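Numbering (mature numbering (1 follows the signal peptide of the UniProt record, and there is no 0)), first residue to last: -20 to -1, 1 to 668.
Notes for the one structure printed next.
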């Protein structure tokens, strides 16, 4: 019984009470919580232990002793803001954030003592005793994710760690706190089989300081402010100017851009069903990313929550990799459809111009987001995990932002990637850069080009299977996956264009067929068979791997390899069929739904929604100050957070994306007019 309490409760309780693991004393201990004298002794004993057993200088030790000499208001706050033993340990309630704001505001001006908030991480090794191992399983919510202290924790939570808030005098360094914590725990666990590892990272210790904004903050603020100011001026010009207006200035008018954004008019040559399909997959991706971010936040019912999602329906949050594949396919289709139109008309492509116009469209918005998240966002708020999920990510961006703007960031690994969710942008841009050559191949030599593209698609599929099997990867977030496995999956497969090329080539074929389908007809049987296959492939790709989300699932490399190889093809085929038959004029239910004009509004903000989701999610993780009960449907249907994403996306669309799209279009029109003028002049010269 002594060991049991030592295992389950002591690690939590020891941080706030200087106790031996004596079960008989627990009732008295709880009774004495209301006793100020007892509380004073506990605080004094803990801090005295720290300042006499860790390597701090004499001056700091004296300051520490001054702080505990009397139970001042400062020390009451230090004690009260440190995490306490909660109920529900066996329900996974092991992450305690204490009172962040109270700790930072704990100070004694007379004695120059101030509180410092440290979020310590502890990793308890699995006990050898079957009974204790069973309790350990409950405490850690059945190991839904497995992690180590060494794992990066800024994008995927270190689920196996116990996060515990400690409020200490500001003179204590993170190393002091870690050493004192380690010594204290070892004394209590002496003679038991429990082994614990500790980490008090310097970035996870915070104290109240005067806010100092770096020069980069003001430079970024001035640049972004100048753009917005110019747009206000353009809007006033739009409202007040009479007669013909300058189109280059009008490109930045909020009024003009808002009307453009709200328009439901279809552009010429629109492929109608694309918009709804893009919206569906974007919503699924938002929900799956949100479900991952939710695991950062402490929950008193974490074990119950994990038991609930250890069922097949949790596929919604586990199949995140699947939802990006249609975007890649649609990109390949639209690029092919556009370039084939130009090839059929002029018999040639200006590849350099294609590259430039694409970069004009995507770079300004992307650069604005990078600048904001790197230089401004870290200074907007604070919280227990703020430095982990916001400031740390900002530090990565300060070093590696240039990789993003060159669209090569997906080749340097997930751990050190600025704006990790934008790996898809790198993949898509690289495939786009290769697409003119692939499209020209199939346009110039249809049979040879088809054979070449099929070979590339087959090789890409085999690569996904092989690397998944040999490296033990998993595109599906199966129950019991590890942080290391998730990062390896990203680094060796998911964020590499060679492994994602299959669905892009499917898009090339679809675009080719649509561009050359004027005389193509299908009979009723063919349409019905295609519909049945589309439904079947949708269900197989979406629900086929659901068994890997079961709570008792044991990882199987072959399961993961087949899923990685086949599911993207099946998933994209179901949507490709809808696009194909609807564009040919065959009326099917899915086509009616996905081609609704309302989805045009989503398409106009889809790029910025994709960019802004992670900053919003992790901003909310960073400012979290307490635990809240978690419910699967509350997580995936968090309408408030989704509304924030959409609102910020609309603002980013109006201020950066639409203006620079219009600038691109004006540039193309001007260049086209110049070419036409030169051509007309040349013809006149020849005629004379």
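Think of the CB as a built atom: it goes at the ideal place given N, C-alpha and C, for glycine as much as any other residue.
Model, not experiment: these values are computed from the prediction.
Straight-line spacing of the CA atoms in residue 290 and residue 460 works out to 10 Å. Looking at the backbone, the Cα of residue 415 and that of residue 315 are separated by about 8 Å. In the DSSP annotation of this structure, the continuous segment of the alpha helix (DSSP H) that includes residue 427 starts and ends at 426 to 451.
Residue nearest to residue 521 within the set 537, 546, 530, 528 is 546 (criterion: CA-CA distance).
Leaving aside the five residues that flank residue 558 on each side, the residues in its chain whose CB is nearer than 8 Å to its CB run, in chain order, 253, 257, 514, 568, 570, 571, 574. Cβ neighbours of residue 396 within its own chain (closer than 7 Å, five residues either side excluded): 376, 380. Boundaries of the alpha helix (DSSP H) harbouring residue 340: 331 to 351, taken from the DSSP string. In this structure, the beta-carbon distance from residue 244 to residue 577 falls below 7 Å. A Cβ-Cβ separation of about 6 Å places residue 129 in contact with residue 177 under the 8 Å criterion.
Annotation: residue 537 to residue 445 spans about 10 Å, alpha carbon to alpha carbon.
Linking residue 165 to residue 149 through their CA atoms gives a straight-line distance of about 20 Å.
When DSSP states are grouped into helix, strand and coil, residue 495 belongs to the helix group. Classified as buried, residue 302 has 16 or more neighbouring CB atoms from the shown chains inside 10 Å of its CB. Shown here, residue 150 sits in coil according to DSSP, grouped into three states, outside any helix or strand. Assignment of residue 394 by DSSP, reduced to helix, strand and coil, places it in the coil class. Around residue 622, the same chain offers 266 as residues with beta carbons nearer than 7 Å, after the five sequence neighbours per side are excluded. Residue 77 and residue 394 have their C-alpha atoms spaced approximately 27 Å apart. Judged by DSSP secondary structure, residue 99 falls outside any alpha helix (DSSP H) and instead within the beta strand (DSSP E) spanning 93 to 104. In the three-state reduction of the DSSP assignment, residue 136 falls in the coil class.
Considering only 398, 553, 526, 495, the residue with the shortest C-alpha distance to residue 516 is 553. Boundaries for residue 546: no beta strand (DSSP E) harbours it, while the alpha helix (DSSP H) harbouring it runs 537 to 564, taken from the DSSP string. For residue 73, no pairing in a beta bridge is given by DSSP.
Within the DSSP bridge table, the entry for residue 142 names 102 as partners. Per DSSP, reduced to three states, the secondary structure at residue 196 is helical. Ranking 338, 526, 251 by CA distance to the CA of residue 457 puts 526 first.
Rounded to whole angstroms, the separation of the alpha carbons of residue 597 and residue 161 is 32 Å. Between residue 283 and residue 122, the alpha-carbon positions lie close to 7 Å from each other. Three or more beta-carbon pairs separated by less than 8 Å link the region 473 to 480 to the region 397 to 413, which places the two stretches in contact. Counting along the chain, the unbroken alpha helix (DSSP H) around residue 599 starts and ends at 579 to 602. The C-alpha of residue 232 is placed about 42 Å away from the C-alpha of residue 81. If you draw a straight line from the Cα of residue 439 to the Cα of residue 372, it comes to about 38 Å.
In the DSSP assignment, residue 186 falls within the beta strand (DSSP E) that extends over 185 to 187.
The criterion of a C-beta distance shorter than 7 Å is satisfied by residue 419 and residue 319.
Burial check for residue 599: the Cβ neighbour count within 10 Å reaches 16 or more, so the residue is buried. In the structure shown, residue 125 falls within a strand segment according to DSSP collapsed to helix, strand and coil. Judged by DSSP secondary structure, residue 236 falls within the alpha helix (DSSP H) whose first and last residues are 234 to 242.
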